[in-house]
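This report concerns only the one structure given below.
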Amino acid sequence: MKIFRSHVLVCGGTGCTSSKSDLIKKRFEEKIKEVNLDDEIQVIATGCFGLCEVGPVVIIYPEGSFYARMTVDRVDEIVEEHLLKGRIVKKYLFEESTKDDIIKSLGDVDFYKKQKRVALRNCGVINPENINEYIARDGYMALGKVLTEMSSEEVIKLIKDSGLKGRGGAGFSTGMKWSFAAPNESDQKYVICNADEGDPGAFMDRSVLEGDPHSVLEAMAIAGYAIGATKGFIYVRAEYPIAVHRLEIAIKQARELGLLGSKLFETDFDFDVEIRLGAGAFVCGEETALMQSIEGKRGMSRNKPPFPANKGLWGKPTIINNVETLANVPQIIIKGPEWFKSFGTAKSPGTKVFALGGKINNTGLVEVPMGTTLREVIYDIGGGCPNGKEFKAVQTGGPSGGCLTKDHLDTQIDYENLVALGSMMGSGGMIVMDEDNCMVDIARFFLDFTVDESCGKCTPCREGTKRMLEILDKITEGKGTMEDLDKLEKLAINIKETSLCGLGQTAPNPVLSTLKYFRDEYEAHVIDKRCPAGVCQSLLRYIITMNCKGCTKCARVCPVGAIEGKVKEVHIINQDKCIKCGACMDACSFHAIIKK
Amino acid sequence: MKSLEELRKLREDSIKNIEMRNTDKDIRIVVGMATCGISAGARPVLSTLVEEVAKRNLNNVQVVQTGCIGMCTYEPIVEIYTPNNEKVTYIHVDSEKAKRIVLEHIVNGNVINEYTIGSVK
Ligand SMILES: Cc1cc2nc3c(=O)[nH]c(=O)nc-3n(C[C@H](O)[C@H](O)[C@H](O)COP(=O)(O)O)c2cc1C
Ligand code: SF4
Ligand code: SF4
Ligand code: SF4
Ligand code: FES
Ligand code: FES
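In order, the protein sequence lines correspond to chains A and B. Going by our numbering, the first sequence wraps up at 617, each residue one higher than the last. Going by our numbering, the second sequence wraps up at 676, each residue one higher than the last.
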């Protein structure tokens, strides 16, 4: 195998690809060829590095130099300076990696320092389209070990002992789930990988598939051996074309090397995997609806029991696991349950991947040990709210989760703690809100999502969430009453208790948690007809402050003539006439007009 | 592929390539690769160092290039940094010398005095 003296890793994740990282990679290849370095330097597309905010990202090894916000025009200079002459081009490095005047490598910037990468260990490190690179990182060793040295029972016991919990949302013990399916006698059993990822803002499963598809295939084969299944399906949404493409390549390469297929590792165990594309309905991520969808029916949830472990796909025993859950499995096999339990909390061992988004400096993908506090994730890794704004709340758990406040910042994140506070882990979406966000509006946003995504099978979810949305609309328009707040709460509790599946059972969470922690904001909307954050359009008032210099500019731009005042005197807005278009605020050079 | 043995073998072969992407290493070999370094023949020296390090599975060693070191007449220059921040500077290095440096200095821990800058000064 040829040894290169330098590797140029270009992020090929969805985020960076959408900002043209493929062209950047192409230009690197061309330029490197032009200067005759192509037999010394290798250019590789990887999965997401995590810091998508500053993408497209390029990392050059052996130095580990972290170039952020790359453009095609910068490539030539980097090749000539860095690769040809050995001079790192400081001005294009990620700002933080040149702090204190020392050039730091990727692993030493704050964003990465507090992270512990287990599920993401290969993302941004290997070429996901080359199975050899996965193998170099111990790939398929866990499968080999399991097949040649362990019984099915031992595998299940090991996973149980590790305390791994499902990362898809509910947090159910993975080993327990496997142990339910294993003893069922059947001519056929199945393993499903749930890669539907319907949560708005979440992209951890996509990133694992894009950056390290083999880890999921390997884990599925291990799960297959543990429960006695020979067939696996990956249910992935069609909106993830890069992930699907890399999975296809990975499956093909694994088959070629005999790591999928029949008689794996010279044993009698056969296992193969097929991809199934989903249409991207949120409810299709729910396990029973997902199986309906694979069977070619409309994705709708059904009652449990029977659980999939007993009667799943085509009525056969089936286990269904999330992508991130599976990505942990090979590492746990190789390094053992004690290693896995050595980080995380007692009840939730291991790490969790979060998709950090919203009003935060470093949006992106982070993986931290369970038990890390919200503050550490939001401030130390995420870098806090941009533009000096004040942190207000964080929404965890996606549409099924809740909003937490400043008072909860020191909460150690794990399944139990989040649920105790009325939120949840969910699949790991984490959306940060600052003083400019209106919590009523946020609750409305998530509810709007669930109303759209309800499958319509049961009344509480189909009708109830719509009623809730109507009430929220009323409140944001300044027409809400105190009775509406009570009604909202009653409806929410009712829907939670009577819905058939997890979608309806958790849909009211964003409303309930904001009602609990931000009741004053609801009351401001209802009683004072005021939106404290200045978001709800119908409740806004444009007001001219004493900073007004009387330049008359605003009066001239106002389309409805709502502004009066003499030259060099403070102007006034006639609130009855104002249509809240905001033109005056944009026009005033003295920032004398505010929105309240 | 059939057996675990074959997988292990493939892993050994593949690991050398990947190892470069680990920046957490104690020993650094730095090669001057500015214009005069290159014209004096630093490029094959760099390649030889990379190959030797990989061949011997020296996973604790990083080979990097740098710009002008400031002593153009002594190029090609190779500097070795060890964990206690000691620096040894080798001058007029060629591929043959590079191989010896890896073997004697990096593997066996003996500085080759006759190649160092001290021997001219
Ligand atoms: C409405 C709804 C949507 C869901 N969406 C997903 C999803 O996108 N991905 C996922 O892995 N699990 C999703 N789940 C959870 C799955 O039903 C199931 O619990 C999970 O895939 C099991 O895998 P795990 O034990 O590895 O977490 C969803 C559940 C509900 C109720
Ligand atoms: S709770 Fe909602 S999504 Fe679930 S079955 Fe009922 S209507 Fe469908
Ligand atoms: S544009 Fe600003 S400063 Fe001028 S009159 Fe209007 S509010 Fe006053
Ligand atoms: S917001 Fe629009 S309508 Fe209202 S005062 Fe300003 S310019 Fe006039
Ligand atoms: S997609 Fe490139 S860093 Fe995330
Ligand atoms: S260019 Fe090599 S020392 Fe100056």
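Idealized CB from N, CA, C, for every residue including glycine.
Looking at the secondary structure, which residues open and close the alpha helix (DSSP H) in which residue i lies?
i	result
I614(A)	Not the alpha helix (DSSP H): I614(A) falls in the beta strand (DSSP E), residues I614 to K616.
I353(A)	V344 to K356
F132(A)	D131 to K134
F466(A)	M460 to E474
G523(A)	G523 to T527
I570(B)	L559 to E574
F49(A)	S42 to E55
R95(A)	V93 to I99
T38(A)	T35 to S39
T497(A)	T486 to T497
Y161(A)	Where Y161(A) is concerned, there is no enclosing alpha helix (DSSP H), given that its DSSP letter is neither H nor E.
Y538(A)	N530 to Y538
I177(A)	S173 to S183
K413(A)	Careful: K413(A) lies outside any alpha helix (DSSP H), inside the beta strand (DSSP E) at F412 to T417.
Please determine whether the Cβ atom of residue i lies at a distance below 7 angstroms from any heavy atom of ligand 8.
i	result
I614(A)	Questions concerning ligand 8 fall outside what the structure shown contains, since the ligands it does hold are ligand 1, ligand 2, ligand 3, ligand 4, ligand 5 and ligand 6.
Which residues mark the beginning and the end of the beta strand (DSSP E) in which residue i is found?
i	result
Q209(A)	Element bounds for Q209(A): n/a, residue is neither H nor E.
V633(B)	V633 to Y636
L295(A)	Leu is not the amino acid found at residue 295(A); the sequence shown has Glu there. First-last of the beta strand (DSSP E) with E295(A): D293 to G299.
Y88(A)	S86 to Y88
A66(A)	I62 to T67
For my contact list, residue i and residue j are in at a C-beta cut-off of 8 angstroms; report their separation, rounded to the angstrom.
i	j	result
E411(A)	K368(A)	Their Cβ separation, rounded to whole angstroms, is 33 angstroms, which puts E411(A) and K368(A) out of contact at 8 angstroms.
E388(A)	T372(A)	5 angstroms
I340(A)	A330(A)	6 angstroms
K478(A)	L521(A)	6 angstroms
I62(A)	I53(A)	5 angstroms
T471(A)	P420(A)	5 angstroms
G320(A)	L311(A)	7 angstroms
S444(A)	G423(A)	3 angstroms
V31(A)	K46(A)	4 angstroms
I209(A)	K23(A)	In the sequence as presented, Ile is not what sits at residue 209(A); that position holds Gln. In fact, because the Cβ distance is near 44 angstroms, the residues do not count as touching under 8 angstroms.
V586(B)	L601(B)	5 angstroms
G222(A)	I452(A)	6 angstroms
G232(A)	T426(A)	Rounded, the Cβ-Cβ distance is 34 angstroms, inconsistent with contact.
I402(A)	K120(A)	No, I402(A) and K120(A) are not in contact; Cβ-Cβ is about 15 angstroms, not under 8 angstroms.
P351(A)	S236(A)	6 angstroms
G71(A)	S40(A)	So it is not a contact: roughly 15 angstroms between Cβ atoms.
Only counting the same chain, and skipping five residues up and downstream in sequence, which positions put a Cβ closer than 6 angstroms to that of residue i?
i	result
G592(B)	E630 and P631
D182(A)	P358
K571(B)	A609
F467(A)	P420 and P531
A589(B)	G622 and C623
T519(A)	P481
Can you give me the Cβ contacts of residue i inside the same chain, cut-off strictly under 8 angstroms, excluding the 5 residues immediately before and after it?
i	result
V556(A)	D457, N458, C459 and D462
S475(A)	V304, C482, R483, T486, L524, G525 and A528
G404(A)	D131, F132, I381, N382 and N383
S194(A)	K181, G184, L185, K186 and G187
F328(A)	F201
F286(A)	L164, G165, L168 and T169
T288(A)	L168 and T169
Going by beta carbon distance, what residues of the same chain come within less than 7 angstroms of residue i, once the five residues before and after it are set aside?
i	result
G245(A)	V212, T251, G253 and F292
L512(A)	G485, R488 and M489
K550(A)	G499 and L560
I109(A)	E84, S86, H103 and I124
M241(A)	V212, C214, G253, V294 and L347
W199(A)	I177, I180, A244, A247, I248 and I340
P234(A)	P149, R267, L268 and A271
M162(A)	I355
Would a check of beta-carbon distances place residue i closer than 8 angstroms to chain C?
i	result
L565(B)	As a matter of chain content, chain C is missing from the structure shown, whose protein chains are A and B.
Quiz item: What residues come near ligand 5, if near means a beta carbon less than 5 angstroms from any of its heavy atoms?
Solution: C32(A), G34(A), G36(A), C37(A), C69(A), F70(A), C73(A), G76(A) and V78(A)
Self-check item: Every unbroken beta strand (DSSP E) inside the segment 542-602 of chain A [3 residues or more]
Solution: 563-565
Quiz item: Closer than 6 angstroms from C-beta to any heavy atom of ligand 2: which residues, in chain order?
Solution: V304(A), S322(A), S475(A), C476(A), G477(A), K478(A), C479(A), C482(A), R483(A), S520(A), L521(A), C522(A), L524(A) and G525(A)
Quiz item: Which ranges would you report for the alpha helix (DSSP H) in the segment 185-252 of chain A if only whole runs of at least 4 residues count?
Solution: 195-202, 225-232 and 234-248
Self-check item: Those runs of the beta strand (DSSP E) which lie wholly inside the segment 374-410 of chain A and span at least 3 residues
Solution: You should have 385-390.
Quiz prompt | Continuous alpha helix (DSSP H) assignments of at least 4 residues falling wholly in the segment 251-329 of chain A | solution = 262-277 and 308-315
Exercise. Write down every uninterrupted run of the beta strand (DSSP E) in the segment 577-651 of chain B whose length is 3 residues or greater and which is fully enclosed by it, in chain order.
Key: 582-587, 616-621, 633-636 and 642-645
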